[in-house]
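Colleague: Got a structure here, written out as structure tokens. Questions coming.
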Amino acid sequence: MELNDKTVLLTGASGGIGAALAQELAAAGARLLLQGRDRPRLNRLLAGLPDSGRHRIIAVDLLMPGAVDGLVQAVRDAGGLDLLINNAGTSRFAWLEDQPAGDIHHQLTLNLTMPVLLTRSLLPCLRRPGLIMNIGSTFGAIGYPGYSVYCAGKAGLRGFSEALDRELAGSGVRVLYFAPRATRTTLNSPQVVELNTALGNHTDSPEWVAAQALQALQKQQQRRWLGWPERLLVRLNALFPALLDRALARQRATIAHYAGHPADKEISP
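In this text, residue positions in the sequence shown follow numbering that gives the first Met the number 0: the first is 0, and each later residue adds one.
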């Protein structure tokens, strides 16, 4: 898709991949509607964008009642939409039994339920041809210890993206799924940073990830997985999951240590 003069709604724009992607989109000539919870951070982002007067911030918490209706109204006020990027998300690195029910609900709602509801509500506002990009994760295809809830949300988002793209075939709207690997953002706790260092996991900068996302949009790549060997591991997990079972079993004690969960701890009956 040619992005010049296209109207884009980007959720989760106030930091990390979202803020870097806003820079890439603005440089490509897009008009941005930037959603985030933190108004001061959104204002700072807006001030640093090319042609900042062309863009608008929408400071709203997606988990609050009425958030979807507010975003739909903002899109209508802008005269419609060419591209929706569902980027807002969250994660918690912890064993399932160590996570309060509220944390589980928060992750699943923001990572899966809200993209589904927002997409449904904005489809009538999306011009043809139009694009929807859902920002997923390598963990949407590889179940990883300590991220069971996050994996569930991103796997659901991957399935939603694939199914909706097939539903909309011939309509002029395409649905893309873009899956980064570990990225250096504030979503990563110090324990996650230490774990990645201990295991030698590669991490990417938000700026590099955003540049790859822009390419995926311009080429309309339906599925894009970032990083090596992560792309290979996604394929192996789909074809030979037992190989990944054994590899991750060897790392389980290390992962559990950084998650603050003794590897030999048993769930009480």
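Glycine is no exception: its CB is placed at the ideal position from the N, C-alpha and C atoms.
Remember, it's a predicted structure, so these values are computed and weren't measured experimentally.
1) Between residue 30 and residue 10, which are expected to be in contact by the criterion C-beta below 8 Å, what is the C-beta distance as a whole number of angstroms?
2) Is residue 154 buried or exposed, if buried means 16 or more other CB atoms sit within 10 Å of its CB?
3) Could you give the distance in angstroms between the alpha-carbon of residue 84 and the alpha-carbon of residue 130?
4) State the DSSP-derived secondary structure class of residue 1, mapped to helix, strand or coil.
5) Between the Cα of residue 192 and the Cα atoms of 108, 91, 81, 123, which residue gives the shortest distance?
6) Could you give the first and the last residue of the continuous alpha helix (DSSP H) run that contains residue 22?
7) Identify every residue that forms a DSSP beta bridge with residue 58.
8) Under a three-way DSSP split, which group does residue 203 fall into?
9) What residue range is occupied by the uninterrupted beta strand (DSSP E) comprising residue 132?
10) Are there three or more Cβ pairs, one per stretch, closer than 8 Å when the stretch 211-227 is compared with the stretch 112-132?
11) Whose C-alpha, out of 202, 206, 197, is nearest the C-alpha of residue 256?
12) Whose CA, out of 226, 118, 115, 89, lies closest to the CA of residue 104?
13) According to the neighbour-count rule (16 or more other Cβ atoms, all chains shown, within 10 Å of its Cβ), is residue 96 buried or exposed?
14) Which whole-angstrom value is the C-beta distance of residue 57 and residue 73, which I expect to be below 8 Å?
15) Please classify residue 1 as buried or exposed, where buried requires at least 16 other C-beta atoms within 10 Å of its C-beta.
Modeller: This is what the structure gives:
1) Incorrect: roughly 16 Å between the Cβ atoms, too far for contact.
2) buried
3) 8 Å
4) coil
5) 91
6) 15-26
7) 35
8) strand
9) 125-134
10) yes
11) 197
12) 89
13) exposed
14) 5 Å
15) exposed
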